[in-house]
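With the numbering used here, letter number 67 in the sequence shown gets 67, and the count goes up by one each step, no holes.
Don't be surprised by glycine CBs; every beta carbon is placed ideally from N, CA and C.
Note that the structure is a prediction, hence the values are computed from the model and not measured.
Structure first, commentary second.
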Amino acid sequence: MKKSKWSVEKIVSILKENESGVSASELCRKYGMSDATFYNWRKKYSGMTVSDAHRLKELESENARLKRIVGNKELEIDALKDVLSKNW
Numbered sequence: 001m002k003k004s005k006w007s008v009e010k011i012v013s014i015l016k017e018n019e020s021g022v023s024a025s026e027l028c029r030k031y032g033m034s035d036a037t038f039y040n041w042r043k044k045y046s047g048m049t050v051s052d053a054h055r056l057k058e059l060e061s062e063n064a065r066l067k068r069i070v071g072n073k074e075l076e077i078d079a080l081k082d083v084l085s086k087n088w
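Next comes the structure, spelled out in structure tokens:
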């Protein structure tokens, strides 16, 4: 997975600047990011503190890991059912 050049702390600080009255387009120009990126961040991290955002990242990575595990188990179950359904 690609490493983001934006840290969680930086994202939260940019959003705090926006909440203090700086326009979104000005922030995008200042930090060199697209408007879409800013609005996606605002949708995802709005109103969070840095610790909340870190916890969200941890939960997302744990969720992805668990989904991979479940997917692998589903494949194993399907393979076993296929093997067991054949007549020897």
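Cα-Cα separation between residue i and residue j, rounded to whole angstroms
{"i": "Gly106", "j": "Ile14", "result": "Outside the shown range of the chain (1 to 88) lies residue 106, about which nothing can therefore be said."}
{"i": "Ile69", "j": "Val83", "result": "21 Å"}
{"i": "Arg29", "j": "Phe38", "result": "11 Å"}
{"i": "Leu75", "j": "Lys67", "result": "12 Å"}
{"i": "Asp78", "j": "Lys86", "result": "13 Å"}
Spatially closest choice to residue i from the options, by CA coordinates
{"i": "Tyr45", "options": "Ala64, Tyr31, Leu56", "result": "Leu56"}
{"i": "Met33", "options": "Ser4, Leu66, Lys73", "result": "Ser4"}
CB of residue i within 8 Å of CB of residue j, strictly
{"i": "Leu27", "j": "Asn40", "result": "no"}
{"i": "Asp35", "j": "Ser25", "result": "yes"}
Discussion item. Tell me whether the segment 1 to 11 and the segment 47 to 55 touch, counting them as touching only if at least three CB pairs, one residue from each stretch, are closer than 8 Å.
Written reply: The segment 1 to 11 vs the segment 47 to 55: in contact.
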